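Inspection log for the structure reproduced underneath, given as structure tokens.
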Amino acid sequence: DTTQLYTLSVFLKTPLQPTKLHLHLGSSLSWVLCDSTYTSSSSHHIPCNTPLCNSFPSNACSNNSSLCALFPENPVTRNTLLDTALIDSLALPTYDASSSLVLISDFIFSCATAHLLQGLAANALGLASLGRSNYSLPAQISTSLTSPRSFTLCLPASSANTGAAIFASTASSFLFSSKIDLTYTQLIVNPVADTVVTDNPQPSDEYFINLTSIKINGKPLYINSSILTVDQTGFGGTKISTAEPYTVLETSIYRLFVQRFVNESSAFNLTVTEAVEPFGVCYPAGDLTETRVGPAVPTVDLVMHSEDVFWRIFGGNSMVRVAKGGVDVWCLGFVDGGTRGRTPIVIGGHQLEDNLMQFDLDSNRFGFTSTLLLQDAKCS
4 DTTQLYTLSV FLKTPLQPTK LHLHLGSSLS WVLCDSTYTS SSSHHIPCNT
54 PLCNSFPSNA CSNNSSLCAL FPENPVTRNT LLDTALIDSL ALPTYDASSS
104 LVLISDFIFS CATAHLLQGL AANALGLASL GRSNYSLPAQ ISTSLTSPRS
154 FTLCLPASSA NTGAAIFAST ASSFLFSSKI DLTYTQLIVN PVADTVVTDN
204 PQPSDEYFIN LTSIKINGKP LYINSSILTV DQTGFGGTKI STAEPYTVLE
254 TSIYRLFVQR FVNESSAFNL TVTEAVEPFG VCYPAGDLTE TRVGPAVPTV
304 DLVMHSEDVF WRIFGGNSMV RVAKGGVDVW CLGFVDGGTR GRTPIVIGGH
354 QLEDNLMQFD LDSNRFGFTS TLLLQDAKCS
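Here the sequence shown is numbered in this note's numbering, starting from 4 and rising by one per residue.
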């Protein structure tokens, strides 16, 4: 949608109602707007001091209520509030196009009020948590169906198209021809969660990977390797996030990255023009040659645990077209995150689009393709 964020369509309540939720690759639990219009014959609250209520990472049982309450969070505005926990029916369509629904009758989530929706994807009525926690959407589906703890995402490159989110399955290739292979790298657990409310420090529910270097046109940037490792306080490392529309780089990395990209672009006969916020480097649109994988620009390789395990980013995922107010440019879709950030590299939505990604929590690994455009395929 126009917010550069993603939504997931599910069915909720009894009778089932189509419900659009903001898709977030993180958070420990999902939440939904529970205003006066929330009516469902299958919903019920969770009493305080029950094993279920006590198992939530952050819950609140106050003296003036006997109901279990939670702290739903908005990952974009970083707001939170206290609201009641709820159990209701959730259903998702099956991928075999039989138009049947799979019902999860005891889906656990938090209620929330309308102001928590600010800044989220347009028309979302809540948030679908895809984090590592036991109460995220994929975890609850896997538990309910006794299926692998794994899900696959394919984010569309255009708001006019839908992508795919596939739960309770490790078979990521059934949607595509057999020539599409995933490359795997380990998922890293950040020992300290970056949450608004912290009762006792919990491990993060976000997805971190072991990025060891960045190459532009095959040439490595000289990055201080210590900041690419997550330390015991939760600082450092690289995470994958749908909360950021573009990849965010800590200032020292960003400056190296931009300088090298501009230098390597000269081989493509490209000369920078006036930049458009929030980007730092732009080129006149007419100067770039269109290819099957986007505009022809230097490749960016995110190198993982070994030199031959890398995520190659072509122009379709590295560049952003900005055409408005008489300006028509292609801009480098990476932004400066400043010097004081907690996570020096956050791989954002634009770089993830039209890439098939598998989050396999049973094997604690992340599988990825480079752009599907290489295979004449798209997430849509």
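We put the CB at the ideal spot given by N, CA and C, even for glycine.
This one's a predicted model, so the numbers in the text were calculated from it and none came from an experiment.
### Query
Can you tell me whether DSSP reads I2 as helix, strand or coil?
Coverage of the chain is limited to positions 4 through 383, which leaves residue 2 absent and any answer about it impossible.
### Query
Contact between the region 43-58 and the region 142-155: three or more CB pairs below 8 Å?
no
### Query
What is the C-beta distance between T250 and F337, in whole angstroms, given that I count them as a contact (C-beta under 8 Å)?
Locating residue 250 in the sequence shown gives position 247, counting from the first residue. Locating residue 337 in the sequence shown gives position 334, counting from the first residue. Yes, they are in contact, since the Cβ atoms of T250 and F337 sit about 5 Å apart, within 8 Å.
### Query
Among the residues of its own chain, which have a CB less than 8 Å from the CB of L95, if the five just before and after it don't count?
Reading the sequence shown from its first residue, position 92 is the one you call residue 95. Closer than 8 Å at Cβ, skipping near neighbours: V13, F14, L104, V105, I107, I144 and F170.
#### Entry: Reduced DSSP secondary structure (H/G/I, E/B, other) of R258
Walking along the sequence shown from the start, residue 258 turns up at place 255. Helix at R258.
### Query
Of the choices D357, N137 and E209, whose alpha-carbon is the least far from that of S296?
Here residue 296 refers to the residue found at position 293 when the sequence shown is read from its first residue. Correcting the residue identity first, residue 296 is Val in this sequence and not Ser. For V296, the nearest C-alpha among the options comes from D357.
### Query
Got a sec, what are the start and stop residues for the beta strand (DSSP E) H397 sits in?
Outside the displayed span of the chain (4 to 383) sits residue 397, for which this structure offers no information.
### Three-way DSSP call (helix, strand, coil) for D4 in this model
Start at 1 with the first residue of the sequence shown, and residue 4 comes out as number 1. Its pLDDT being 40, under 50, D4 is placed unreliably by the model, and nothing is read from it.
### Message
Per DSSP, what are the beta-bridge partners of Q384 in this structure?
### Response
In the structure as shown, the chain begins at 4 and stops at 383. Residue 384 is therefore absent and cannot be evaluated.
### Query
When burial is assigned at 16 or more other CB atoms within 10 Å of the CB, is T42 buried or exposed?
Start at 1 with the first residue of the sequence shown, and residue 42 comes out as number 39. Classification for T42: exposed.
### Task
Look at the alpha carbon of T116 and the alpha carbon of L36, and state the distance between them as a whole number of angstroms.
Against the sequence shown, residue 116 aligns to sequence position 113. Against the sequence shown, residue 36 aligns to sequence position 33. One C-alpha to the other measures close to 6 Å.
### Task
Please name the residue or residues paired with E76 in a DSSP beta bridge.
Taking the sequence shown and counting its residues from 1, one reaches residue 76 at position 73. E76 pairs with T83.
### Task
Assign P18 to one of two classes, buried (16 or more other C-beta atoms within 10 Å of its C-beta) or exposed (fewer than that).
Mapped onto the sequence shown, residue 18 falls at position 15. So P18 counts as exposed.
#### Entry: Identity of the residues DSSP links to P54 by a beta bridge
For this step, residue 54 is matched to residue 51 along the sequence shown. DSSP, once it has assigned bridges, lists no residue as partnering P54.
### Query
In whole angstroms, what separates the C-alpha of C71 from that of L364?
Along the sequence shown, one-based indexing puts residue 71 at 68. Along the sequence shown, one-based indexing puts residue 364 at 361. Going from the Cα of C71 to the Cα of L364 covers about 28 Å.
### Query
DSSP three-state call for A326: helix, strand or coil?
By 1-based counting over the sequence shown, the position of residue 326 is 323. If DSSP states are grouped into helix, strand and coil, A326 belongs with the strands.
### Message
Check for me: the alpha helix (DSSP H) holding L355 runs from which residue to which?
### Response
Here residue 355 corresponds to residue number 352 of the sequence shown, with the count starting at 1. G352 to L355 is the span of the alpha helix (DSSP H), which, as asked, contains L355.
### Of the residues A63, L140 and S61, the one placed nearest L11, counting alpha carbons only
Within the sequence shown, numbered from 1, the residue matching residue 11 stands at position 8. Answer by Cα proximity: L140.
### Query
Are there 16 or more other CB atoms within 10 angstroms of the CB of L8, so buried, or fewer, so exposed?
Sequence index remark: in the sequence shown, residue 8 carries index 5 (1-based). Burial call: buried.
### Query
Which residues bound the alpha helix (DSSP H) around A167?
Position 164 of the sequence shown holds residue 167. Element bounds for A167: not the alpha helix (DSSP H) but the beta strand (DSSP E), A167 to F170.
### Spatially closest choice to S228 from D339, Y98, L32 and M307, by CA coordinates
As a first step, residue 228 must be located in the sequence shown, where it is residue number 225. Closest by alpha carbon: M307.
### Query
Just the Cα atoms here: how many angstroms apart are T53 and S30?
As a first step, residue 53 must be located in the sequence shown, where it is residue number 50. As a first step, residue 30 must be located in the sequence shown, where it is residue number 27. When rounded, the distance between both Cα atoms is 23 Å.
#### Entry: Run of the alpha helix (DSSP H) containing L104, from where it starts to where it stops
By 1-based counting over the sequence shown, the position of residue 104 is 101. Run containing L104: none in the alpha helix (DSSP H); it sits in the beta strand (DSSP E), L104 to A115.
### Task
Count the other CB atoms, across all protein chains shown, that sit within 10 Å of the CB of E76; report buried if there are 16 or more and exposed otherwise.
Mapped onto the sequence shown, residue 76 falls at position 73. When all chains shown are included, E76 counts as buried.
### Query
Leaving out five residues before and five after D386 in sequence, what residues of the same chain have Cβ atoms less than 8 Å from its Cβ?
Past the boundaries of the shown model lies residue 386; the chain is included only from 4 to 383, so the question cannot be answered.
#### Entry: Those residues which DSSP pairs with Y286 across a bridge
On the sequence shown, residue 286 is found 283 positions in, with the first residue counted as 1. Y286 is bridged to W333.
### Task
Mind checking which residues open and close the alpha helix (DSSP H) that includes S269?
As a first step, residue 269 is located in the sequence shown; it is residue number 266 there, counting from the start. From DSSP, S269 is part of no alpha helix (DSSP H); its letter is neither H nor E.
### Message
For T186, tell me which candidate among G370, L375, L376 and V349 has the shortest Cα-Cα distance.
### Response
Translated into positions along the sequence shown, residue 186 becomes position 183. Nearest C-alpha to T186: G370.
### Task
Note down, in chain order, each residue of its chain lying with its Cβ closer than 6 Å to the Cβ of S216, except the 5 sequence neighbours on either side.
Start at 1 with the first residue of the sequence shown, and residue 216 comes out as number 213. For S216, where only same-chain residues beyond five positions count, the Cβ hits under 6 Å are P223 and V306.
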